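J.: Submitted below is the structure of interest, expressed as structure tokens.
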Amino acid sequence: MTVHRILVASYTPNISTLEFDPLAHKLKPIAQSPAGTNPSWVAAHPTEPGLIAATNEVTDGKVHLFRYLKDGKLKLLESVGTDGEDPAHLAVLEDEIVVGNYSSGNLLSIPLSTSAPHLGSVSPSIQLTGSGPNKSRQSSPHPHQIFPYKGRLYVPDLGSDRVIQYEKKDGQWVEVGDIKSHEPGAGPRHVQIHDEILYVIEELTNTLSAYSLSDGKHIASLSTLPSPPPNLTVSSSTTGSSPTPSSAAPEGAPSALPLLAAELLLVTHPEPLLFATNRNETHPEGDSITIFSPIKDGNTDAFKLVNSVRTGLNHARGAAFGGDKDKWLIVGGADKGGVKIFERDGKDLRPVVGMAGVIAPTGFLWGVASPSPIPVSAMSSVHPRWGRPLDDYVGSYDLAAAKKRIDITSTMKAEAEESISQVVRLAGPSQYPDPEGTKVVTLQVLESILNLSMCPQTYHYFADPPLISGCLKLMGTVEADDRMSPFSYEYGYLCFKIIVLAIGTNILLRTENLDMTIANMESDTNTELILILSGHVSRAIKSEIEIGNAGQPCSWVLGWVRVQDRRRLQLTPLMLRSDILLLLDMLWDDRHFFLKTYMMTHSPGLSGVMFVLWRYLYSNSIFVESLPSENLAIPFCEILWRYFLVATTDQLESLVYINNDVQLSSKADQWTDSSKHVTLDDLRIVLQAYTGRMSLVDSPTYLSFEINTILVLLNFVTQIMQPGVEFLLPPLIGNTLDRIWEIINNKKEDDQETIIGIGRVFGLIGRYAVLDLVETLAGRDLPDMVARAMIVLEPYSTKASESYKQCMEFLENTTELFLQLEAVVPKSLLKKPFLPYAFHWIKTDQHFKMLGTSLSDGISPYAGYYQACRRVWHQVSQSLAMDLYVAQIRASGAGCMYTRCPSPFPLNFNPLFCDLCCDRAYCSMGCQVK
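For the sequence shown, the UniProt record's numbering gives the first residue as 1, with consecutive numbering after it.
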């Protein structure tokens with residue numbers, strides 16, 4: 001199997017590279033390449049697809065030539081000016097690039113070679129002439145596309161209402177004719193050619209017009225809109241139906257309709273079709289794509305609208321087909337919505353995947369297919385016991401699968417009962433189940449149990465606590481890379497799904513809500529059964545937390561405490577202590593795949609699971625032999641916040657209560673103060689989940705977060721941030737600000753807490769603005785640079801010396817730098833990169849102290865200078881958040897064993913030891929080898 005790389009041009013400073021997996025219907029960003037301001041159009045060389053050209057749509061237009069690299073990045077080779085303003089389009093021919101400057105109305109031919117130097121000297125540009133009746137849009141030429149066809153260039157000029165034809169004569173492009181717009185003020189934008197008919201999408205009248213390529217005569221016109229306005233007229237000069245909006249060119253003072261018609265694409269398999277995108281329709285389901293059949297064998301009646309699809313995007317400007325036989329269509333919302341990929345089946349389009357975090361996309365280039373990131377061996381065969389790997393199984397548990405309902409026959413019921421008994425036999429306190437007992441529980445056994453979740457009348461089978469324990473044991477047998485990784489394979493995911501259903505059903509039974517839930521399932525046939533169950537579980541938990549005031553009484557439902565007014569429900573514990581620890585360990589160890597799985601599947605809500613784990617942190621009333629470790633709050637907080645990123649709205653009712661508790665207690669602080677364990681791949685998944693959740697505001701399943709929840713999640717993301725994900729930050733910040741605007745617009749007048757929360761969000765966003773700065777300063781060894789400069793600078797002996805002024809200027813400027821840095825950068829961002837330098841800071845401080853002392857008379861003539869250096873050096877430690885750690889090191893009293901160490905008494909946090917004499921510790925490798 002192959003995946004496809006897609007380059008995304010945009011109104012940003014970058015060209016993004018996305019990777020689309022057509023089998024799993026997955027889309028992810030893999031690279032972002034700096035490409036100047038507004039690289040709005042991108043195209044590849046016809047015979048050397050690794051050569052990529054892009055425009056910079058700015059006043060001083062440019063064309064950049066890149067080399068496409070294996071990792072998806074673009075390496076800049078050469079650049080050249082376009083001799084014009086706002087180049088909106090270019091065509092890459094075999095030996096030249098032809099670019100059209102929209103605002104200045106001229107074309108430029110740039111010689112191109114596939115070997116360096118690639119870009120040759122340019123000839124004078126070609127200035128277009130003419131204008132149109134629309135004074136606001138057509139006062140001068142505006143070339144919008146360069147379309148090569150049979151040795152000619154067809155250039156739709158929006159400004160002069162014509163499509164200009166060019167031929168090459170004596171090495172120069174020369175105008176040889178034009179095809180004028182049938183309707184004055186139409187504004188031709190893009191063209192396609194099929195069967196010697198020129199199809200033109202006209203921006204200012206929102207029309208698709210057909211012209212004879214041989215003589216330029218107008219044949220027919222259609223509205224590009226899916227629902228044409230009622231006041232349409234048919235031109236008497238056309239043959240066949242050609243409705244054109246009568247408002248498009250009113251007499252006297254022509255004016256344009258709102259910008260709508262944008263891109264025009266042609267496919268030929270299995271039949272020729274034209275696809276047009278429309279912008280800014282202000283429709284609740286987003287902009288549209290309209291699909292037309294072209295003229296066939298001279299029959300103009302064949303030219304008609306055959307289908308339309310809503311995209312969910314705003315300002316659907318750019319679009320491109322890719323894949324075998326143009327099976328896939330990617331469309332971008334330049335204002336909102338990111339990008340979406342549709343699967344084409346003839347004239348039908350079906351959305352398969354989207355990525356809301358792509359900012360201002362304007363054009364696309366489907367690249368050379370690259371090898372699948374999934375090993376061939378993993379794709380060709382599943383695990384003999386655990387089944388399909390994650391990327392393969394998630395597609396089977398989407399919304400369509402969750403909506404499925406079945407009638408459970410007596411045979412299916414008997415099979416499920418036997419399957420449950422096989423799992424229940426494995427329940428108990430031992431973490432390691434009987435190997436022979438686990439062998440009989442196959443994927444088919446788990447699937448037979450889960451069949452019960454597709455029928456309301458059989459949900460009571462999940463109300464069996466030992467089923468939870470048995471599935472936990474099975475879940476723990478799934479491994480990857482020599483560790484427990486249940487979500488790596490389908491087997492572990494199915495075990496967890498049964499656990500979630502069983503915990504939820506037991507909670508509903510114990511709170512006397514199960515019968516009501518099943519009745520709701522039976523009456524509401526349009527909602528997924530697992531969503532109905534999850535909603536009732538969340539509301540039941542919320543009610544118990546409110547009644548118990550988030551204290552021990554709310555744990556009665558788990559069988560952990562006895563409550564006076566619940567005497568008839570003297571319950572045994574829902575889960576064993578060892579099982580809860582096992583569950584938390586598995587979720588923590590597999591947190592990356594846990595989040596990834598829940599991002600890509602339609603799974604039951606986890607409010608019941610989070611409730612159990614949360615109450616375990618307070619479980620001293622039932623587990624009397626020892627209290628749970630306070631450190632368990634660290635993994636619990638992170639699992640809770642990761643789930644927040646993908647939780648449906650109905651789960652938030654209870655999750656917010658749980659989160660409030662961890663925030664008000666010391667649990668969240670414990671996580672904040674702990675070491676963060678996140679890989680770059682994991683961090684990218686977290687950021688994608690956050691960005692996607694911030695954009696999911698139009699679905700009742702995913703309503704907007706409250707400001708306090710946004711604050712918690714943004715703080716979580718900020719705390720685990722590291723270099724390598726900078727290209728994901730603009731959509732993250734942008735979507736967050738979108739939600740802030742939404743909150744402000746809906747805020748009550750007296751809601752001051754919301755405004756305070758918004759201010760805190762601003763503070764967290766500010767950290768991203770300086771993240772690159774901090775990493776750059778640390779990477780360039782700024783403290784060492786300052787220390788070296790102070791040491792090599794000629795010291796002054798008295799204020800009257802010539803060097804005094806120079807020394808003071810340097811020390812004052814250095815101090816100012818670190819004071820400004822301290823004022824701008826939060827201390828929390830400085831600790832990680834500069835903490836390891838604390839020990840070296842002490843050595844340097846000792847060196848300055850030594851330099852200020854003379855061995856002969858005890859006073860150095862330069863003592864004043866080195867005292868000033870030490871004052872600056874102490875400011876460095878304070879500004880870079882090292883001062884507290886320096887004090888801790890000095891207070892430790894230990895020392896380096898190297899007798900000539902410049903600072904022998906403090907000991908580093910990570911001392912080096914000798915293999916032969918392990919009682920000797922050294923502060924650095926330099927001291928150890930000596």
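All C-beta atoms, glycine included, are put in the ideal place defined by N, C-alpha and C. These numbers were taken from a predicted model, which means no experiment stands behind them.
#1: For SER293, name the three-state secondary structure that DSSP assigns.
#2: May I ask you to report which of helix, strand or coil DSSP gives PHE303?
#3: What is the DSSP secondary structure of VAL624, reduced to helix, strand or coil?
#4: Helix, strand or coil for ASP391, going by three-state DSSP, please let me know.
#5: Identify whether PHE705 lies in helix, strand or coil by the three-state DSSP scheme.
#6: In this structure, does DSSP put THR718 in helix, strand or coil?
#7: Comparing alpha-carbon positions, which option in TYR459, PHE364, SER419 and ALA427 lies nearest ARG405?
#8: Tell me, please, which residues DSSP counts as bridged to GLY333.
#9: Does the Cβ-Cβ distance between ALA44 and LEU365 come in under 9 Å?
#10: Identify whether ARG591 lies in helix, strand or coil by the three-state DSSP scheme.
#11: Based on Cα-Cα distance, which residue from LYS169, GLY151 and GLY177 lies nearest to ASP157?
#12: Going by CA-CA distance only, name the one from VAL309, SER534 and THR207 that's closest to GLU653.
#13: Going by CA-CA distance only, name the one from MET610, ILE720 and GLY318 that's closest to GLN651.
#14: Among the candidates TRP173, GLY171, VAL163 and LYS168, whose CA atom is the shortest distance from the CA of SER209?
#15: DSSP state of PRO466, grouped into three classes?
#16: Output the distance between the C-alpha atoms of LEU830 and VAL612, rounded to the nearest integer angstrom.
#17: From the DSSP output, in three-state form, read off LEU260 for me.
#18: Locate the beta strand (DSSP E) running through ALA668, then write down its first and last residues.
#19: Since I believe VAL717 is in contact with VAL686 (beta carbons under 8 Å), could you give me their beta-carbon distance rounded to a whole number of angstroms?
#20: Out of curiosity, what's the CA-to-CA distance linking PRO730 and PRO13?
#21: Tell me whether PHE762 is buried or exposed, calling it buried when 16 or more other Cβ atoms sit within 10 Å of its Cβ.
#22: Can you check which of these residues, ILE744, PRO270 and LEU443, is closest to PRO384 by C-alpha distance?
#23: Check each candidate in GLN722, LEU728, ILE740 and TYR796 and name the one with the smallest Cα separation from ASN708.
#24: Along the chain, where does the beta strand (DSSP E) that runs through PRO361 open and close?
#25: To which residues of the same chain is PRO456 closer than 7 Å at the C-beta, ignoring the five residues directly before and after it?
#26: Does the separation of the CB atoms of SER104 and THR129 fall below 9 Å?
#27: I'd like the ranges of any beta strand (DSSP E) spanning at least 3 consecutive residues and lying wholly in the segment 177-238.
#28: When DSSP labels each residue in this structure, what does ASP434 get in the three-state scheme?
#29: Thinking just about the alpha-carbon of each residue, which of MET882, ASP170, ILE744 and LEU728 is nearest to the one in PHE705?
#30: Rounded to the nearest angstrom, what separates GLY608 and ILE507 at their Cα positions?
#31: When DSSP labels each residue in this structure, what does THR277 get in the three-state scheme?
#32: Any idea which residues DSSP pairs TYR804 with across the strands?
#33: Specify the secondary structure class of LYS843 as computed by DSSP and reduced to three states.
#34: Would you give the residue range spanned by the alpha helix (DSSP H) that LEU729 belongs to?
#35: If you drop the 5 nearest sequence neighbours on each side, which residues of the same chain put their C-beta closer than 6 Å to that of ARG388?
#36: Are the CB atoms of ASP326 and ARG344 nearer to each other than 9 Å?
T.: Reading it off the structure:
#1: strand
#2: coil
#3: Because VAL624 sits at a pLDDT of 47, beneath the cut-off of 50, its placement in the model cannot be relied upon, and the point is left open.
#4: helix
#5: coil
#6: helix
#7: TYR459
#8: ALA316 and GLY338
#9: yes
#10: helix
#11: GLY177
#12: SER534
#13: MET610
#14: VAL163
#15: helix
#16: Going from the Cα of LEU830 to the Cα of VAL612 covers about 37 Å.
#17: Annotated three-state conformation of LEU260 is coil, per DSSP.
#18: Element bounds for ALA668: not the beta strand (DSSP E) but the alpha helix (DSSP H), 667-673.
#19: 6 Å
#20: 11 Å
#21: exposed
#22: LEU443
#23: ILE740
#24: Membership of PRO361 in the beta strand (DSSP E) is indicated by the continuous run 361-366.
#25: Only ILE518, MET521, GLU522 and LEU529 meet the Cβ criterion.
#26: Taking C-beta atoms as the reference points, SER104 and THR129 fail to come closer than 9 Å.
#27: 188-194, 197-202, 207-212, 218-223 and 232-234
#28: coil
#29: ILE744
#30: 8 Å
#31: strand
#32: None, per the DSSP bridge assignment.
#33: helix
#34: 729-746
#35: VAL382 and GLU490
#36: Yes, these two residues count as a Cβ contact at 9 Å.
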